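All the letters of the sequence shown, read from the start, carry residue numbers -22 to -1, 1 to 154 under mature numbering (1 follows the signal peptide of the UniProt record, and there is no 0).
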Amino acid sequence: MKARVTASIVLALGLAVGMTGCTLITTQDTVHIKEAADGVNGTVGKIDIRDAVVIATSKGAAGNLVATFVNNDDKAHYLSVQLGSKTRSVAVPANGVKKIGASDSDRVEFIGLGSKPGSLIDLYFTYAGVTGTKLRVPVLSSTFPGFEDYAPKPQLTPAPVETPGDTSTGTATPAP
């Protein structure tokens, strides 16, 4: 009888260790949390940059920055966004949120992006009095479902301007 009880206890312990020990060598899914977003996040001073992504139509074309800026400061700031030598500014209200890039909001567009969809570009974010931060922002295609409304607006080329003057093809005769 003693052997039977001992065997039952050993079997129960063996099952318990076997059942609970299987996660000893496997990676926990909650250890590496992936953000459910297409863009990247960062912080510059007291402004948080959330889900920053550039939407473009083709290589070298214009790109539209889509992002949310959260100002955790009591003062409003003009956030500068720089791509190479091109700089754009966005007013971010005090203790407020500023969304850019949608068709009904402010837009930050860069002409001559030079990067095709699927690549990463370096954007530098800063405002007065703080050290800026560089983010490697993904460039996504406006053909992806849900991104059509975020495509850069087509740039209008100025129409040729006619200069006033004589348009006749003959020779002018002086007035008497």
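Where a beta carbon is used, it is the ideal one built from N, C-alpha and C, also for glycine.
Quantities reported herein were computed from a predicted structural model and do not represent experimental measurements.
Query raised in the report: Whole-angstrom Cβ separation of R28 and V59, contact assumed at under 8 Å?
Result: As a first step, residue 28 must be located in the sequence shown, where it is residue number 50. As a first step, residue 59 must be located in the sequence shown, where it is residue number 81. Not really, about 14 Å apart at Cβ, beyond 8 Å.
Report task. May I ask you to report which of helix, strand or coil DSSP gives S(-15)? Result -> Sequence index remark: in the sequence shown, residue -15 carries index 8 (1-based). In this structure, DSSP gives S(-15) a helical state, which the three-state scheme calls helix.
Report task. Round the Cβ separation of A45 and G79 to the nearest angstrom and send it over; I've been treating them as touching at under 8 Å. Result -> Within the sequence shown, the letter at position 67 stands for residue 45. Within the sequence shown, the letter at position 101 stands for residue 79. Indeed they touch by this definition, with Cβ atoms about 6 Å apart.
**Report entry** K(-21) (DSSP reduced to helix, strand or coil)
**Finding:** The residue labelled residue -21 in the question sits at position 2 within the sequence shown. Reduced to three states, the DSSP call for K(-21) is helix.
Query - Coarse secondary structure for L91, derived from DSSP in three states - result: Start at 1 with the first residue of the sequence shown, and residue 91 comes out as number 113. Looking at L91 - three-state DSSP - the assignment turns out to be coil, as it is neither helix nor strand.
Report task. Using three-state DSSP, classify Y105 as helix, strand or coil. Result -> Numbered from 1 along the sequence shown, position 127 holds the residue referred to as residue 105. Note: Y105 maps to coil in three-state DSSP.
Query raised in the report: Roughly how many angstroms separate the alpha carbons of I33 and G124, rounded to a whole number?
Result: Position 55 of the sequence shown, counted from the first residue, corresponds to residue 33. Position 146 of the sequence shown, counted from the first residue, corresponds to residue 124. Inter-residue distance for I33 and G124 is about 11 Å (C-alpha atoms, whole angstroms).
Requested in this report: Report the three-state DSSP secondary structure of G124 (helix, strand or coil).
Outcome: By 1-based counting over the sequence shown, the position of residue 124 is 146. G124: coil per DSSP, three-state reduction.
Query raised in the report: Using 8 Å as the Cβ pair cut-off and three pairs as the minimum, do the stretch 15 to 25 and the stretch 104 to 113 touch?
Result: Taking a cut-off of 8 Å for Cβ pairs, the stretch 15 to 25 and the stretch 104 to 113 touch, as three or more such pairs fall below it.
Query - Nearest candidate by alpha-carbon position, reference P132, set F88, G(-9), K64 and A(-11) - result: Within the sequence shown, the letter at position 154 stands for residue 132. Residue F88 is the option with its Cα nearest to P132.
Query - Buried or exposed (CB count within 10 angstroms, at least 16 for buried), S93 - result: By one-based count along the sequence shown, residue 93 stands at place 115. Around the beta carbon of S93, 16 or more other beta carbons sit within 10 angstroms, so the residue counts as buried.
Query raised in the report: Among residues of its own chain, excluding the 5 on either side of S67, which ones have a beta-carbon nearer than 8 Å to its beta-carbon?
Result: Locating residue 67 in the sequence shown gives position 89, counting from the first residue. Cβ neighbours of S67 within its own chain (closer than 8 Å, five residues either side excluded): Y56, L57, S58 and V59.
Query - Alpha-carbon spacing of S18 relative to D82, whole angstroms - result: Within the sequence shown, numbered from 1, the residue matching residue 18 stands at position 40. Within the sequence shown, numbered from 1, the residue matching residue 82 stands at position 104. A small fix is needed here, since residue 18 is Val in this sequence, not Ser. Cα to Cα, the separation comes out at about 22 Å.
Report task. List the DSSP bridge partners of G41. Result -> For the purposes of this step, residue 41 is taken as residue 63 along the sequence shown, with counting starting at 1. Beta-bridge pairing links G41 to A34 and F88.
Query raised in the report: Mind checking A40: buried by the 16 CB within 10 Å criterion, or exposed?
Result: Walking along the sequence shown from the start, residue 40 turns up at place 62. Sixteen is the threshold: when 16 or more other Cβ atoms of the shown chains lie within 10 Å of the Cβ of A40, as they do, the residue is buried.
Report task. Could you tell me which residues DSSP pairs with G20 in its beta bridges? Result -> Residue mapping note: residue 20 aligns to position 42 of the sequence shown, counting from 1. Paired residues: I27.
Query - Rounded separation between P138 and K64 - CA only - result: By 1-based counting over the sequence shown, the position of residue 138 is 160. By 1-based counting over the sequence shown, the position of residue 64 is 86. At P138, the pLDDT of 48 sits below 50, so the modelled position is not reliable; the number obtained from the coordinates is stated separately. Distance between the alpha carbons of P138 and K64: 27 Å.
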